[in-house]
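Take a look at the structure below.
In the numbering used here, the protein residues as written are 6 to 497.
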């Protein structure tokens, strides 16, 4: 093998390895910067990206969880509660004929208590131990220990018979909070849907600007070819300089239009890229048929769907049920408080500390406790307030229902009418295309003016742009229509 051949082989290998290295480095930095060419992004892909990256979804989903945690806090009312106390006392009685002149006492008490939701009753168990030291300045008339110990156990149960029977008041706040949990979940879905209407509208703007860019780019290409052709004709003395200037003006106009569209498109893509937190949108393209129209159901059917699916109406229904439960609780507070109280005790006192633990003295009690609110002012005022709130809620539901039906009728009418407008747009595009063909034919025959050719082409492209804009309006109206029927976001 010659020296030249070896030299060429070595150089080729070095060049190939250098190119591979540079390509690897370029790919690495391309991946690091996020500037990768993404697949076309459908509307579903766009929404999926939003759900995966935008914080509003997690923020709204936390709302019902927060309310649920607040509801669970009311369960603490039925927990076992442990209490204890340690007390030292010094007592000098006013009459000392039959009692010590000075008593020092040290006592310790501990116990547990529990509330029962199913019955409204409460159970308590208490244990206490006391040590008493007595001081006598004179000998007492009757024997009295200088020091003794006392132990006792008491078990007591209280059962309401009228107010709070069955634990209605005990668990009222917990039951009321359950409605707040449901409302929070529905409202969170409504907030997410409102956000989606806004962001998907921006996605549709992206689709429209891409379509507008294609239309303007095609018109610019025609203007460029027309300008080049006119220049050739001018050089061949077939047309005058006025036609050259007209074609150049048209070319510059569409250059400006394309630059304006591209600037709007770049700004929008930057905004969407920030929203979904990925740079793929900067190089990607939308995959959505702007001209594919979904037709609304008949208005009567849409109104039935609105009544059945509206989240706003469901929230108002839940609030009304919550007020009904609260009203029942208010009625409960107006009842007399009649409670059955039963208690049993075991106790003993002795000078010997250990003998005092022999609890051989027992006792029992059974009684009724009655408390009757004479004026019942608070319960009456709360009941009146709840009644007025329910009347107000009924009117609010009527108002909301009327507003929703009015919006539905308006959107339904606009969608229906816009379908006819889009059909006229298609006819206008075809008419403008045929007119352009005729104007070009007349101009080529020398019987027309280039101005009319340019105007005809501008009209054709203008008709296409109007068609795209009206299609965008239809898609946005359809988006609002779906959101009004609460079909845009599935909270499940």
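Just so you know, even glycine gets a beta-carbon here, dropped at the ideal spot from N, CA and C.
Rounded to the nearest angstrom, what separates residue 164 and residue 190 at their Cα positions? 37 Å
Can you tell me whether residue 74 is buried or exposed? The criterion is at least 16 other CB atoms within 10 Å of its CB, across all chains shown. exposed
With 16 other CB atoms within 10 Å as the buried threshold, where does residue 69 fall? buried
In this structure, does DSSP put residue 487 in helix, strand or coil? helix
Quick one: which unbroken beta strand (DSSP E) runs of 3-plus residues sit fully inside the segment 341-370? Chain order, please. 342-355
Please classify residue 487 as buried or exposed, where buried requires at least 16 other C-beta atoms within 10 Å of its C-beta. buried
Assuming the contact rule is C-beta atoms closer than 8 Å, residue 420 and residue 475 should be a hit. Round their C-beta distance to whole Å, please. Incorrect: roughly 12 Å between the Cβ atoms, too far for contact.
Fully enclosed by the segment 54-142, which beta strand (DSSP E) runs are 3 residues long or longer? 86-96, 107-120, 127-140
Where does residue 159 fall in DSSP's three states? strand
According to DSSP, what are the bridge partners of residue 374? 344
Is the beta carbon of residue 335 less than 8 Å from the beta carbon of residue 384? yes
Is the Cβ-Cβ distance between residue 500 and residue 186 less than 8 Å? The requested residue 500 does not occur in the structure, where the chain is confined to residues 6 to 497.
Between the CA atoms of residue 132 and residue 154 - distance to the nearest angstrom: 14 Å
So, at 7 Å on beta carbons, what are the nonlocal neighbours of residue 398 in its own chain, with the 5 sequence-adjacent residues on each side left out? 321, 324, 325, 328
Give the straight-line distance between the Cα atoms of residue 407 and residue 81, rounded to the nearest whole angstrom. 43 Å
When DSSP labels each residue in this structure, what does residue 499 get in the three-state scheme? Since the displayed the chain opens at 6 and closes at 497, residue 499 lies outside it and no answer follows.
If contacts are defined as beta-carbon pairs under 8 Å, then residue 88 and residue 116 qualify, I think. What distance do you get, rounded to the angstrom? 6 Å
One question on the structure: do residue 209 and residue 480 come within less than 8 Å of each other, judged by their Cβ atoms? yes
What's the call for residue 220, buried or exposed, on a 16-neighbour Cβ count within 10 Å? buried
Based on the DSSP output, what are the partners of residue 153 in its beta bridges? 137
Can you check whether the C-beta of residue 384 is within less than 8 Å of a C-beta belonging to chain C? As a matter of chain content, chain C is missing from the structure shown, which is built from one protein chain.
Residues near residue 90 in its chain [Cβ-Cβ closer than 6 Å; skip 5 each side]: 114
Are three or more beta carbon pairs between the segment 369-383 and the segment 286-294 nearer than 8 Å? no
In the DSSP assignment, what are the bridge partners of residue 164? 345
Does the structure place the segment 335-355 close enough to the segment 363-373 that three or more beta carbon pairs sit under 8 Å? yes
First and last residue of the uninterrupted alpha helix (DSSP H) at residue 306: 304-314
Backbone secondary structure at residue 503 - three-state DSSP: Because residue 503 is not part of the residues shown, which for the chain are 6 to 497, the question remains open.
Please specify which runs of the alpha helix (DSSP H), each continuous and at least 4 residues long, are wholly inside the segment 380-464, giving them in chain order. 382-449
Could you give the first and the last residue of the continuous alpha helix (DSSP H) run that contains residue 288? 285-288
For the pair the segment 222-230 and the segment 248-261, tell me if three or more CB-CB distances fall below 8 Å. yes
Check whether the segment 436-450 and the segment 267-278 are in contact - that is, three or more C-beta pairs closer than 8 Å. no
Please confirm if the segment 401-415 is in contact with the segment 301-312, defined as three or more CB-CB distances below 8 Å between the two stretches. yes
Other residues of its chain near residue 441: CB distance less than 6 Å, five sequence neighbours each side excluded: 461, 462, 465
For residue 63, the nearest candidate out of 472, 356, 200 (CA to CA): 200
For my contact list, residue 136 and residue 111 are in at a C-beta cut-off of 8 Å; report their separation, rounded to the angstrom. 5 Å
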